[in-house]
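Data block below; observations after.
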Amino acid sequence: MRVKGPLSSSEAIPFTGKRGPALYNAPDPVPVFRVPSQSVPTMKSRRFSPAQLWVGLLAMATAVSLLLFLDRYLDRLASDRTTDWLRILIEESTATYVAALLVPVMVYATRKLPPFGPRWQRNIPLHVLIALAVGFTHTTATSALRHLLIALPELAGAGDYSLDPRRYLLALPAGFIVYAVVVALTLVVDRYRGARNRELEAVELRAQLTQAQLLALQRQLEPQFLFGSLRSIAQLVYANPKGAEEMIARMTALLRHSLDSEKTHETTLADELRVLDLYLEMMRLRYAERLFVQVDAPPELARATVPRFLLQPLVENALAHGDDPAMTLVAVRVTVRAENESLVIRVRDHSHCEDQSPRSIGIINAAARIAQLYGAGSGVSSERTAEGIEVTVRLPLRLPPV
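Sequential numbering from 970 applies to the sequence shown in our numbering.
Structural data, given as structure tokens:
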């Protein structure tokens, strides 16, 4: 049965078997704690530098001025009046570039005084005054530049660029239209950016929550493994003191490996097999010649990505089922295969236990971590076979490049 979503104490995860579904209760909700910001990659909307914004604004002004020039030039070309093309180009360029320089002022006014905010009754009259001031500045600067670049050099077709009230009145409608267009575009862009930022923040928050839950689940394994190891050591302290000492050394190596690599939640199959070897060395001190573990993993799957600390709780659960005093051997078989686009890990014990429901916190924890990491299509299942209980883990097959 595939495990989906975070687990709660009221949920039970079914394990399908030949003798009916076996259920085990999920653990209590894991505590969610704040993860350091450097452990979770943040997602931020792209920001342009002021230099990039100015370059883009001037490039747009250049394109607009050329289009306006081309429109007027073609119109004059149709009437065979092409000698004053330089004057037309300067007139369109001065008007467009001055407007481009005033765009930041209009954008700032729109953001500082929202026309549709709670103070719209005050802000809209202010926008009218700002539009008048912007139009006055644009007309004054444009006329001054045209006088300097066209009238003084006495270019062909030069007109009267003197400032008078009629020039300001004629430019007033166009100024209001341009101001309204800039305000509208600013509001649309800001609304889109706000929605995009909220979406990115939600994705980042979900990633941080998942990261925290995975870390909490991983923390559960450490005391569980430690308690189990201490019980095994306690059984050897009097019967085999040297074996207890060796088990402590190997447990220390295994814990050191776990702590050194806890920054990531995934590792390679080869690394997991090394962890399993460390664990089995400890168990051989406990079970001695009774322990028989067979691992069948093709070398080409050594680079496959798997959740960290996955195999040890699976084998520990199998040993707990197979530890029958009536049986000579405590036998476990681990097989790893690639099936279609999935990596399938099967752990089978040789026991007569009728209850195929894994009760180990490690198995429950592994199912929860797989659900968090891979979602639908991956999970854990259990069934009773002729030889014993077989726990199957299905993961997406991912082979990182060499």
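We put the CB at the ideal spot given by N, CA and C, even for glycine.
Rounded distance between the beta-carbons of residue j and residue i, thought under 8 Å
| i | j | result |
| --- | --- | --- |
| residue 1313 | residue 1266 | At roughly 11 Å, the Cβ-Cβ gap does not stay under 8 Å, so residue 1313 and residue 1266 are not in contact. |
| residue 1079 | residue 1152 | 5 Å |
| residue 1284 | residue 1301 | 6 Å |
| residue 1219 | residue 1251 | 5 Å |
| residue 1071 | residue 1103 | 5 Å |
| residue 1316 | residue 1287 | 5 Å |
| residue 1069 | residue 1030 | 4 Å |
| residue 1107 | residue 1067 | 5 Å |
| residue 1199 | residue 1238 | No, residue 1199 and residue 1238 are not in contact; Cβ-Cβ is about 28 Å, not under 8 Å. |
| residue 1358 | residue 1349 | Going by Cβ atoms, the distance from residue 1358 to residue 1349 rounds to 13 Å, so no, they are not a contact pair. |
Where residue i falls, given that 16 or more other Cβ within 10 Å makes a residue buried
| i | result |
| --- | --- |
| residue 1347 | buried |
| residue 1298 | exposed |
| residue 1334 | buried |
| residue 1363 | buried |
| residue 1221 | exposed |
| residue 1341 | buried |
| residue 1206 | exposed |
| residue 1040 | exposed |
| residue 1112 | buried |
Residue nearest to residue i in terms of C-alpha spacing, selected from the options
| i | options | result |
| --- | --- | --- |
| residue 1279 | 1211, 1234, 1356 and 1076 | 1234 |
| residue 1138 | 1109, 1161, 1041 and 1157 | 1109 |
| residue 1064 | 1045, 1033 and 1073 | 1033 |
| residue 1308 | 1246, 1088, 1046 and 1367 | 1367 |
| residue 1320 | 1101, 1290, 1061 and 1331 | 1290 |
| residue 1281 | 1360, 1040, 1343 and 1118 | 1360 |
| residue 1254 | 1098, 1202 and 1344 | 1202 |
| residue 1075 | 1100, 1066, 1084 and 1053 | 1100 |
| residue 1054 | 1097, 1119, 1027 and 1021 | 1119 |
| residue 1336 | 1277, 1318, 1369 and 1165 | 1277 |
| residue 1084 | 1043, 1124 and 1155 | 1155 |
| residue 1249 | 1216, 1238, 1269 and 1046 | 1216 |
| residue 1145 | 1093, 1211 and 1024 | 1093 |
| residue 1345 | 1351, 1024 and 1311 | 1311 |
| residue 1036 | 1018, 1023, 1059 and 1021 | 1059 |
Opposing strand residues paired with residue i [DSSP bridges]
| i | result |
| --- | --- |
| residue 1318 | 1301 |
| residue 1358 | 1353 |
| residue 1236 | 1275 |
| residue 1261 | 1300 |
| residue 1306 | 1313 |
Assigned secondary structure, residue i (DSSP; H/G/I helix, E/B strand, else coil)
| i | result |
| --- | --- |
| residue 1144 | helix |
| residue 1365 | strand |
| residue 1312 | strand |
| residue 1088 | coil |
| residue 1334 | helix |
| residue 1131 | coil |
| residue 1018 | coil |
| residue 1044 | helix |
| residue 1158 | helix |
| residue 1073 | helix |
| residue 1209 | coil |
| residue 1269 | helix |
Min CB distance residue i to chain B below 9 Å
| i | result |
| --- | --- |
| residue 1319 | Absence of chain B from the displayed structure is noted, only one protein chain being present. |
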